[in-house]
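J.: Note that UniProt numbering gives residue 51 to position 51 of the sequence shown, counting from 1, and the numbers run on in steps of one. Heads up, the beta-carbon is just placed ideally off N, CA and C, and yes, glycines get one too. The following block contains the structure, expressed as structure tokens.
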Amino acid sequence: MLIPMPSILTKVMINSSISTTSSSLTSQDTLLSCSYCQKKTCHCSSTRKILNCSSYLLNLTFDSNCAKMIIWKTVDFSSRNLVSLDLSSLLLMRMSHLILKSNSISNIHEKTFDSVGDILIELDLQINQLSALSSKWFNSKLRQLKILNLASNQLESFTQLNHLDLPYLQILNLSRNQIEIFPRQIQQLKSLVTLDLSFNKLSSIPKFALMGLNDLRWLSLASNRDLTCK
């Protein structure tokens with residue numbers, strides 16, 4: 001069912017989903033990749049600016065070379081079967097794109113993003129085990145974030161998330177979760193351009209749910225229940 005939306009919405013997608021992963025890296029990009037080494041300690045090369053870590057580690061430890069004042073373009077911990085991160089090590093590194101997809105992350109410590117919030121542009125947490133979001137790691141810490149991918153988690157509600165202080169967020173992917181009630185906090189994302197809520201359990205959308213989202217251009221509500229507009 002097509003839901004009436006504000007006139008500022010130029011494209012409503014109800015039959016497809018959107019991918020918000022990073023674009024391909026060029027040879028000039030700084031890449032931190034965790035994959036396929038045998039040791040449990042990750043070693044950084046300050047000349048090649050590449051880091052390789054062993055696969056399927058529950059806790060990653062980094063040597064002191066990783067803590068140098070390097071701003072990594074992309075830090076990729078995808079498909080490493082992570083449940084938690086070595087926070088003391090992560091806090092020493094700075095990056096603009098953090099990829100944590102395809103792990104088993106169920107909880108995020110409230111101080112995880114303290115040192116990177118001023119430069120982090122993309123956070124990819126798709127295909128994990130998150131069941132709730134907390135204001136403790138969103139508010140005032142990820143103010144530069146433009147892309148947030150939370151697809152394919154276990155999110156059901158946003159009761160613990162009172163406020164979203166993400167003034168520059170443009171792409172939000174919440175597809176393939178268990179969301180039953182439209183998150184009212186989305187109305188606070190004034191820079192939002194793309195919103196994907198496909199493959200959830202939504203049965204209704206509040207009439208003024210998207211009021212104030214003047215930049216919204218792409219909305220997907222595919223594969224929910226028979227939606228109604230209150």
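#1: Please go through the same chain and pick out, in chain order, the residues whose beta-carbon is closer than 8 angstroms to the beta-carbon of E180, but skip the five residues on each side of it.
#2: Would you say the beta carbon of L195 is closer than 7 angstroms to some non-hydrogen atom of the ligand PLP?
#3: What three-state label does DSSP hand K141 in the structure shown?
#4: Determine whether the beta carbon atoms of Y168 and Q187 lie at a separation below 8 angstroms.
#5: Suppose the cutoff is 7 angstroms on Cβ atoms and the five residues either side in sequence are ignored; what does the same chain contact list for G212 look like?
#6: Tell me whether I186 sits in a helix, a strand or coil according to DSSP, three-state version.
#7: Look at the alpha carbon of I205 and the alpha carbon of S198, and state the distance between them as a whole number of angstroms.
#8: Leaving out the 5 sequence neighbours to the left and right, which residues in its chain are closer than 6 angstroms to R176 when beta-carbon positions are compared?
#9: In the DSSP assignment, the beta strand (DSSP E) including M211 goes from what residue to what residue?
#10: DSSP three-state call for T194: helix, strand or coil?
#11: Going by Cα to Cα distance, which pick from L195, L192, N128, F182 is closest to I81?
T.: On the basis of the data shown:
#1: Locating residue 180 in the sequence shown gives position 180, counting from the first residue. Cβ within range, chain order: E156, S157, N200, K201, L202, S203.
#2: In the structure shown, the ligand PLP is absent, as is every other ligand, since no ligand is present at all.
#3: The residue given as residue 141 occupies position 141 in the sequence shown. Three-state result, K141: coil.
#4: Looking up residue 168 in the sequence shown gives position 168. Looking up residue 187 in the sequence shown gives position 187. Cβ atoms of Y168 and Q187: not closer than 8 angstroms.
#5: By 1-based counting over the sequence shown, the position of residue 212 is 212. The residues are Q187, K190.
#6: Locating residue 186 in the sequence shown gives position 186, where the first residue counts as 1. DSSP places I186 in helix when its eight states are reduced to three.
#7: Within the sequence shown, residue 205 is the residue found at index 205, counting from 1. Within the sequence shown, residue 198 is the residue found at index 198, counting from 1. The alpha-carbon atoms of I205 and S198 are separated by roughly 13 angstroms.
#8: Locating residue 176 in the sequence shown gives position 176, where the first residue counts as 1. Here the set comprises A151, S152, F199.
#9: Reading the sequence shown from its first residue, position 211 is the one you call residue 211. Careful: M211 lies outside any beta strand (DSSP E) and carries neither H nor E.
#10: Taking the sequence shown and counting its residues from 1, one reaches residue 194 at position 194. Here T194 sits in strand by DSSP.
#11: To locate residue 81, count along the sequence shown from 1; it is residue 81. The displayed chain sequence assigns Asn, not Ile, to residue 81. Checked all of L195, L192, N128, F182; the closest Cα to N81 is N128.
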